[in-house]
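There are 2 protein chains.
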Amino acid sequence: MTDKSRKKADIIAVAKAARVSAATVSRYFNHPDLLKATTRRRIENAVQKVGYIRNRAAQTIHGIRSGTIGVLVPTIDHTIFAEVVQAFSDAVAEEGFTILLASHGYDQQREYTILRKFLEHRVDGIALTGLDHDAAVFQLIDRQEVPTVLMWNYSEGSPHPSVGADNELAGRLISDHVLSLGHRRIACLFAPSEGNDRAKARRRAILDMLHAAGVTVPEPWQLTSVYSIAASKAKVADLLEGGTAPTALICGNDILATGAMYAAAKAGLRVPEDISIVGIGDFKGSSEFEPGLTTVRLPARSIGRIAGTTLARAIKDPQARPGGTHCAPELIPRASSAPV
Amino acid sequence: MTDKSRKKADIIAVAKAARVSAATVSRYFNHPDLLKATTRRRIENAVQKVGYIRNRAAQTIHGIRSGTIGVLVPTIDHTIFAEVVQAFSDAVAEEGFTILLASHGYDQQREYTILRKFLEHRVDGIALTGLDHDAAVFQLIDRQEVPTVLMWNYSEGSPHPSVGADNELAGRLISDHVLSLGHRRIACLFAPSEGNDRAKARRRAILDMLHAAGVTVPEPWQLTSVYSIAASKAKVADLLEGGTAPTALICGNDILATGAMYAAAKAGLRVPEDISIVGIGDFKGSSEFEPGLTTVRLPARSIGRIAGTTLARAIKDPQARPGGTHCAPELIPRASSAPV
DNA sequence: AATAGTTTTGCAAATGTTTTCATAAATTTC
DNA sequence: GAAATTTATGAAAACATTTGCAAAACTATT
Chain A
20 MTDKSRKKAD IIAVAKAARV SAATVSRYFN HPDLLKATTR RRIENAVQKV
70 GYIRNRAAQT IHGIRSGTIG VLVPTIDHTI FAEVVQAFSD AVAEEGFTIL
120 LASHGYDQQR EYTILRKFLE HRVDGIALTG LDHDAAVFQL IDRQEVPTVL
170 MWNYSEGSPH PSVGADNELA GRLISDHVLS LGHRRIACLF APSEGNDRAK
220 ARRRAILDML HAAGVTVPEP WQLTSVYSIA ASKAKVADLL EGGTAPTALI
270 CGNDILATGA MYAAAKAGLR VPEDISIVGI GDFKGSSEFE PGLTTVRLPA
320 RSIGRIAGTT LARAIKDPQA RPGGTHCAPE LIPRASSAPV
Chain B
20 MTDKSRKKAD IIAVAKAARV SAATVSRYFN HPDLLKATTR RRIENAVQKV
70 GYIRNRAAQT IHGIRSGTIG VLVPTIDHTI FAEVVQAFSD AVAEEGFTIL
120 LASHGYDQQR EYTILRKFLE HRVDGIALTG LDHDAAVFQL IDRQEVPTVL
170 MWNYSEGSPH PSVGADNELA GRLISDHVLS LGHRRIACLF APSEGNDRAK
220 ARRRAILDML HAAGVTVPEP WQLTSVYSIA ASKAKVADLL EGGTAPTALI
270 CGNDILATGA MYAAAKAGLR VPEDISIVGI GDFKGSSEFE PGLTTVRLPA
320 RSIGRIAGTT LARAIKDPQA RPGGTHCAPE LIPRASSAPV
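Quick note, the sequences are listed as chains A and B, same order.
In terms of our numbering, the first sequence is numbered consecutively and its last residue is 359.
In terms of our numbering, the second sequence is numbered consecutively and its last residue is 359.
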């Protein structure tokens, strides 16, 4: 096939091969209905022969969409974000977009830098994780007027449409569950919350809820652990060594809860007979665990998918100021929690 | 700050604001050392004032690099690929590249389509997962002469530099380990291998190795399960219900092994006393498991990082035809396997 | 067969940059 | 202080495309 190999393979090469003008080739791609069927065929062959691939960069400088969406997550390799990204990517791919993906590792400065890079690439839209971002970030987005969606958290009054779960609600659901089982001696294990509004909201909701029920969590039972099974396992192991153990442990997410389960197993405690352990997230695998983990489902795939379609729609119809979507968290009671 | 808000904010607007020519502004970004310090400052202010953001699309049509790398994985939301992508992304970000990410879901046709899209965006480089791809895919890459790296598997004679582990070796390591513990009644649980050369290589290596040692795995003990804890748990539960159980179960990856562990727990079998269970991968969490999972470490993060730097280097120096890298798999014996 | 109407195509300008070449400004040398 | 260098800047062409406008090529109508 591709004989004239080392030619330039631009639109003009195709035009020459098809004996038409460059304008006609352009129309072949953008308004094929304007062409005579025979011309269309001629160009089709020429494209094949020359091995032409359209150049989106050249289109983009005409104000035509770049066909890319910038997606910014704290990190890719937490199941939870990976799921969101996967669903998001699938959703927008259907509309012809490709995602430009980057992670900032919870560093607000890096977030700004990456965002600028996205804008240099003239992304058609932007998806950020979480609701709170540096003022400069929002300023930049507003200035460029690029459609934006905030994923993962939901809040009524967010500056851009937000698609996600209400993390406070998630926190309330799980603490309500634990309280309703009659637990009063409760420990908590949270993720670090600086630069992470999800973690912050959960922590606040859980502590408030417990407090309202007259339960105070003593200082040494308020643990913090980075997002890692190993770290969580170690922290909880320490906790359980101390004399009087809590009857329930609320973890800020399922990964922490998983570590806690292992720690309990190692300490010879039975779950849920000796201690109830619960998480938030319902990550892949949480249901298959032995015992199944009681948790609150945050519908990651729905969030990704809906965020994707919301953004794609906003891009294609710049008038429509789309609203956000609350993907409701849902308590999933399993075997890891039981009455005192 | 940004007062002249609704102007055009292109290089010419900056030029006007700084009372210099567009060429000078261009130089400010690309060859700042050619400018007088005072001019530089004047332009710097103008950029701020106008709110200018460089347009990479316009640069790209000059044959300047787009600053993007196309990354194509089967799916993003398997820990293992997420880790590779994260490490890859970090590595190339350091060199100024942003990744264009897409997943093909093990569909060769989609892989081709996505690749074309990458090329339309004029990516500077391409990273594919695995060694075998449609002929059309390789043809397209060769025709466009875009630097490419194959991640995840390693093979001496791959058509493009490959960075990854030797999956056959991984298979041999784990089966050798199981045999050396004295096991003879061995069952296997593999991932489906169509369009997945990693799975294929492991399966072949394991069966060959066992065969060479005089162990034949009876047909009903050769299970296949999709990549999911739930699916694997179900399959293995079925197996264990049948009369005589194997003394060891070799799983094609850690996810399958995890499901198997749960199934064993549910069936009341102790690991490793009643049955040894091993995996391949050493995914995040495999070490924290109770009992810790014996597995073969495939260094995902190293693979991603090295693939990234290899590709970045190949892009920056088009002469250098870089070689691949074998990231050696390593047996990690833990508590889930023991002598018969 | 001429006219009017419609469909198809080409020309040239426009898009936002970079880069070559030439010129102007600043600096050094005598 | 003029000449010779060196350094800094601008004008215009180039990049790969799209698009408005006008001309050319068809069809239909009489």
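Glycine included, every Cβ here is placed at the ideal spot set by N, Cα and C.
Cross-chain neighbours of residue i in chain B, by beta carbon under 9 Å
i: Asp273(A); result: Result: empty, since nearest Cβ-Cβ is about 11 Å, beyond 9 Å.
i: Lys285(A); result: Glu309
i: Leu119(A); result: Thr87, Thr117, Ile118, Leu119 and Leu120
Three-state class that DSSP yields for residue i in the structure shown
i: Thr98(B); result: helix
i: Phe302(B); result: coil
i: Thr344(B); result: strand
i: Ala264(A); result: coil
i: Ala218(A); result: helix
i: Ser40(A); result: coil
i: Ala189(B); result: helix
i: Ile334(B); result: helix
i: Phe209(A); result: strand
i: Ala65(A); result: helix
i: Glu349(B); result: strand
i: Leu91(B); result: strand
i: Gly327(A); result: helix
i: Ala184(A); result: strand
i: Leu315(A); result: It should be pointed out that residue 315(A) corresponds to Val in this sequence rather than to Leu. Here Val315(A) sits in strand by DSSP.
i: Phe308(B); result: coil
i: Ser177(B); result: coil
i: Ile80(A); result: coil
Cβ-based neighbour list, residue i, same chain, cut-off 6 Å, excluding 5 preceding and 5 following
i: Thr98(A); result: Phe302 and Lys303
i: Ile118(A); result: Ile88, Val90 and Ser108
i: Ile31(A); result: Ala41
i: Ala65(A); result: Val33, Ala36 and Ala37
i: Leu288(B); result: Ile294
Between the CA atoms of residue j and residue i - distance to the nearest angstrom
i: Phe209(A); j: Ile299(A); result: 10 Å
i: Leu54(B); j: Ile334(A); result: 39 Å
i: Gly323(B); j: Leu120(A); result: 15 Å
i: Ala326(A); j: Gln67(B); result: 32 Å
i: Asn49(B); j: Thr94(A); result: 31 Å
i: Ser122(B); j: Leu350(B); result: 30 Å
i: Cys270(B); j: Leu226(B); result: 12 Å
i: Val290(A); j: Val236(B); result: 37 Å
i: Ala283(B); j: Leu188(B); result: 27 Å
i: Arg332(A); j: Glu260(B); result: 51 Å
i: Ala357(A); j: Ser295(A); result: 6 Å
i: Asp126(B); j: Leu258(A); result: 48 Å
i: Tyr131(B); j: Val39(B); result: 47 Å
i: Gln364(A); j: His81(B); result: This structure cannot speak to residue 364(A), because chain A is shown only from 20 to 359.
i: Val234(B); j: Arg204(B); result: 8 Å
i: His345(B); j: Asp96(B); result: 24 Å
i: Thr368(B); j: Leu134(B); result: Limits of chain B in this structure are 20 at one end and 359 at the other, which puts residue 368(B) out of reach.
i: Ser374(A); j: Glu114(B); result: With chain A covering 20 to 359 only, the question about residue 374(A) has no answer from this structure.
i: Ala311(A); j: His202(B); result: Residue identity differs from the one stated: residue 311(A) is Gly in this sequence, not Ala. Cα to Cα, Gly311(A) sits roughly 31 Å from His202(B).
i: Ala218(B); j: Val197(B); result: 19 Å
i: Ile425(A); j: Val255(A); result: Residue 425(A) cannot be examined here, being either before or after the span of chain A that is shown, 20 to 359.
Nonlocal neighbours in the same chain, by C-beta distance under 8 Å from residue i, ignoring five residues either side
i: Ala28(A); result: Val69, Gly70, Tyr71 and Ile72
i: His140(A); result: Ser85, Thr87, Gly89 and Leu119
i: Arg223(B); result: Glu187 and Gly190
i: Val142(B); result: Ser85, Thr87, Ile88, Gly89, Leu119 and Val165
Chain A contact residues for residue i, given Cβ-Cβ distances below 7 Å
i: Lys252(B); result: Glu307
i: Lys68(B); result: Those do not exist, as Lys68(B) stays about 12 Å from chain A at its closest Cβ, beyond 7 Å.
i: Arg4(B); result: Look at the range of chain B in this structure, 20 to 359, and you will see that residue 4(B) is not part of it.
Proximal residues of chain B, C-beta to C-beta of residue i below 7 Å
i: Glu102(A); result: Asp96
i: Gly278(A); result: Glu307
i: Thr79(A); result: Ala76
Contacts that residue i makes with chain A (C-beta to C-beta distance below 8 Å)
i: Gln105(B); result: Thr94, Ile95, Asp96 and Ser122
i: Leu138(B); result: Ile72
i: Lys27(B); result: Within chain A, no residue comes near Lys27(B); the closest Cβ sits about 11 Å away, beyond 8 Å.
i: Ile160(B); result: Per Cβ cutoff of 8 Å: no residues; Ile160(B) is ~12 Å from chain A at best.
Chain-order list of residues whose beta-carbon lies under 7 Å from that of residue i (same chain, five-residue window excluded)
i: Leu150(A); result: Leu169, Asn172, Ser174, Ser177, Ser181 and Asp216
i: Phe157(A); result: Pro178
Curious, which full-length alpha helix (DSSP H) runs of at least 4 residues does the region 107 to 172 of chain B contain? Counting only runs of at least 4 residues, the region 107 to 172 of chain B fully encloses the following alpha helix (DSSP H) elements, listed from N- to C-terminal order: 127 to 139 and 154 to 163.
Let me know the beta strand (DSSP E) ranges lying completely inside the region 230 to 297 of chain B, each 3 residues or longer, listed in chain order. With a minimum length of 3 residues, the continuous beta strand (DSSP E) runs that stay inside the region 230 to 297 of chain B are 241 to 243, 267 to 270 and 295 to 297.
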